[in-house]
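What follows is a set of notes on a single structure, which appears directly below.
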């Protein structure tokens, strides 16, 4: 019986000739990523060794990545102290894949991992962040776990008792229309599958549209697969994956891409033609409450947010800058831009996008998770409405349960910044 | 047996259970104060210790969707409730099992606020209405962790066994 990509990856990582959906396996972990919640992982890790008489030492420090991104620079003494503890752990255990709050190495974990070549096709990656699904964009099996589970991985080097997930195959055809993007595709798919439609399942992306899509676009799809409940999204590695890893991430060693078997067993197949797809909006307060922009156009917005691990990459910033160039952010609307990494920030400066944003009236913030999770930047006032290229619109997500968050693509966000109302970029300010 | 003290809809997110703005707080001794923080009245009752241990929270499908934050589990665990949901989001379910939160998947549950609910064998019994509902088994993959009393004792055993 044929295997899906994830079944093949798990079989290899568990040292088995084959596995199928529902089997329980113990895959070796190739990369274990945490952010600020490494502080909690460290507590739990210590707890594992309590009373054992053994020293708490990670199984392989070269496979641990820690990226400070959720609250940078620290918003409170508590966070600063947690970050300080993490730095101590990093030094003690010699963790090389550590990215501190620095312009020459920092950014959001889901951008730092790919751009530094830490993600490889065929790898098993776990992260204490639900959007760890992102790294499936490079053909890895990458999924989110809790802090205690990470402590177990640090101790054992394996993810224990993993149930091999069933796979939903999504086949995408057609060419995106002007101002329609991978974000619109994934919002449309989440609306179709619902927020729980892929719970305990993997979404494997196929079709000509995916083959022609950049790694940046694939990261958007896999990043948000978790919003349909998916354990992971995955794009089987191809020539584009190799191009990205060689040219953009500087990877020199041999790659081991994994393809599904022709007779792989899928739970279901979903086909989508994007040629007639309109820009999409996920309306409050669930990500699967998705409507075409035409249905919500005209709604006033007080805050536009462009950035995040979903849509804070150079092509996203280019899209927004091209729409905004020479124009102004509407009175009564604030616009915040936060690139996904400092590398992207520098590229955006060189290309002139930062100037485009600032002269239009936007605030360009430091790379990090920023306003997306409502911790310390860009909180909303009572009854305010935000339109964001981020990935979640749960009630209170942007720091205030009395506010609304709508999700969209960079093109919709930029066009709406100019008008101050939700705007279809195909007819809008550009 | 416990009383239903909170009845929730579908897709209750971890932001609802534990708002992101309190994520710098990580210790299980400190997270309970922010439990369902934006449900102001319920949070106040929790903090005033008006909700006894073993009280029941009933939810529709996809409970605990969203973030992997373990605070969403430790915050609830601080009050020892029984969670009965029609289905549970993957990461939240695993975190619950790993930390030993009392959580049950019951796809057909019908219970209103104030109803007395009890778990009897493979069933959830609504004592108030006299009806019972089948429990869906937790993923078999997690049984060894449940048997060990949580992921920390499980991992500790493995470490001692040298594996």
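Residue numbers (the working numbering), protein chains in the order written: chain A, 2 to 431; chain B, 16 to 178. Glycine residues also receive a C-beta, built at the ideal position from the N, C-alpha and C atoms. Just so we're clear, the structure is a prediction, and the values are computed from it rather than from any experiment.
Residue i vs residue j beta-carbon contact at 7 Å
{"i": "residue 1 of chain A", "j": "residue 204 of chain A", "result": "Residue 1 of chain A falls outside the range modelled here, since chain A spans only 2 to 431, and no answer is possible."}
{"i": "residue 70 of chain B", "j": "residue 20 of chain B", "result": "yes"}
{"i": "residue 273 of chain A", "j": "residue 173 of chain A", "result": "yes"}
{"i": "residue 417 of chain A", "j": "residue 373 of chain A", "result": "no"}
{"i": "residue 62 of chain A", "j": "residue 94 of chain A", "result": "yes"}
{"i": "residue 173 of chain B", "j": "residue 157 of chain A", "result": "yes"}
{"i": "residue 162 of chain B", "j": "residue 287 of chain A", "result": "no"}
{"i": "residue 420 of chain A", "j": "residue 331 of chain A", "result": "yes"}
{"i": "residue 35 of chain A", "j": "residue 67 of chain A", "result": "yes"}
{"i": "residue 289 of chain A", "j": "residue 196 of chain A", "result": "yes"}
Best match in the options for proximity to residue i [C-alpha to C-alpha]
{"i": "residue 281 of chain A", "options": "A:359, A:238, A:410, A:378", "result": "A:410"}
{"i": "residue 50 of chain A", "options": "A:152, A:63, A:4, A:71", "result": "A:152"}
{"i": "residue 199 of chain A", "options": "A:229, A:185, A:26", "result": "A:229"}
{"i": "residue 39 of chain A", "options": "A:4, A:110, A:177", "result": "A:110"}
{"i": "residue 150 of chain A", "options": "A:353, A:351, A:48, A:179", "result": "A:48"}
{"i": "residue 78 of chain A", "options": "A:423, A:377, A:391, A:427", "result": "A:377"}
{"i": "residue 33 of chain A", "options": "A:257, A:188, A:98, A:57", "result": "A:98"}
{"i": "residue 219 of chain A", "options": "A:137, A:132, A:29", "result": "A:137"}
{"i": "residue 147 of chain B", "options": "B:126, B:153, B:154", "result": "B:126"}
{"i": "residue 249 of chain A", "options": "A:118, A:92, A:425", "result": "A:118"}
{"i": "residue 152 of chain B", "options": "B:168, B:144, B:101, B:165", "result": "B:101"}
{"i": "residue 296 of chain A", "options": "A:304, A:283, A:307", "result": "A:283"}
{"i": "residue 278 of chain A", "options": "A:265, A:292, A:288", "result": "A:292"}
{"i": "residue 294 of chain A", "options": "A:425, A:128, A:176, A:129", "result": "A:425"}
{"i": "residue 178 of chain A", "options": "A:14, A:275, A:139", "result": "A:275"}
{"i": "residue 234 of chain A", "options": "A:12, A:225, A:382", "result": "A:225"}
{"i": "residue 112 of chain A", "options": "A:380, A:412, A:312", "result": "A:312"}
{"i": "residue 145 of chain A", "options": "A:339, A:128, A:157, A:158", "result": "A:128"}
{"i": "residue 85 of chain B", "options": "B:38, B:170, B:140, B:164", "result": "B:38"}
{"i": "residue 37 of chain A", "options": "B:55, B:96, B:149, B:41", "result": "B:41"}
{"i": "residue 29 of chain B", "options": "B:129, B:87, B:175, B:96", "result": "B:87"}
{"i": "residue 75 of chain A", "options": "A:303, A:369, A:428, A:406", "result": "A:369"}
{"i": "residue 23 of chain B", "options": "B:17, B:117, B:32", "result": "B:32"}
{"i": "residue 391 of chain A", "options": "A:337, A:385, A:364, A:346", "result": "A:337"}
First and last residue of the uninterrupted alpha helix (DSSP H) at residue i
{"i": "residue 94 of chain A", "result": "78-94"}
{"i": "residue 358 of chain A", "result": "354-361"}
{"i": "residue 192 of chain A", "result": "183-194"}
{"i": "residue 416 of chain A", "result": "411-420"}
First and last residue of the uninterrupted beta strand (DSSP E) at residue i
{"i": "residue 72 of chain B", "result": "71-74"}
{"i": "residue 274 of chain A", "result": "269-274"}
{"i": "residue 207 of chain A", "result": "202-207"}
{"i": "residue 142 of chain A", "result": "142-145"}
{"i": "residue 282 of chain A", "result": "281-283"}
{"i": "residue 146 of chain B", "result": "146-149"}
{"i": "residue 389 of chain A", "result": "386-389"}
{"i": "residue 293 of chain A", "result": "291-293"}
{"i": "residue 17 of chain B", "result": "17-23"}
{"i": "residue 126 of chain A", "result": "125-128"}
beta-carbon residue i near the ligand SAH non-hydrogen atom, thresh 6 Å
{"i": "residue 115 of chain A", "result": "In terms of ligand content, the structure shown is empty, and the ligand SAH therefore cannot be addressed."}
Members of the segment 73-103 of chain A near chain B, C-beta cut-off 7 Å: Contacts with chain B (Cβ-Cβ distance below 7 Å) from the segment 73-103 of chain A involve 77, 79, 80, 83, listed in chain order.
Positions along the segment 34-50 of chain B whose CB lies within less than 8 Å of some CB in chain A: Result list: 34, 35, 36, 38, 39, 40, 41, 42.
Contacting positions in the segment 387-400 of chain A - beta carbon closer than 7 Å to chain B: 393, 395, 396, 397, 398, 400
Against chain A: residues of the segment 21-33 of chain B by CB proximity under 7 Å: 26, 28, 30, 31
Validate contact between the segment 120-135 of chain A and the segment 53-69 of chain B using beta carbons, cut 8 Å, 3 pairs: These segments do not touch.
Any 3 or more C-beta pairs closer than 8 Å across the segment 305-324 of chain A and the segment 349-362 of chain A: yes
contact_flag[the segment 74-81 of chain B, the segment 102-120 of chain B] where n(CB pairs < 8 Å) is 3 or more: Yes: at least three Cβ pairs fall under 8 Å.
Cβ-based contacts, 7 Å cut-off: residues of the segment 56-80 of chain B near chain A: 76, 77, 80
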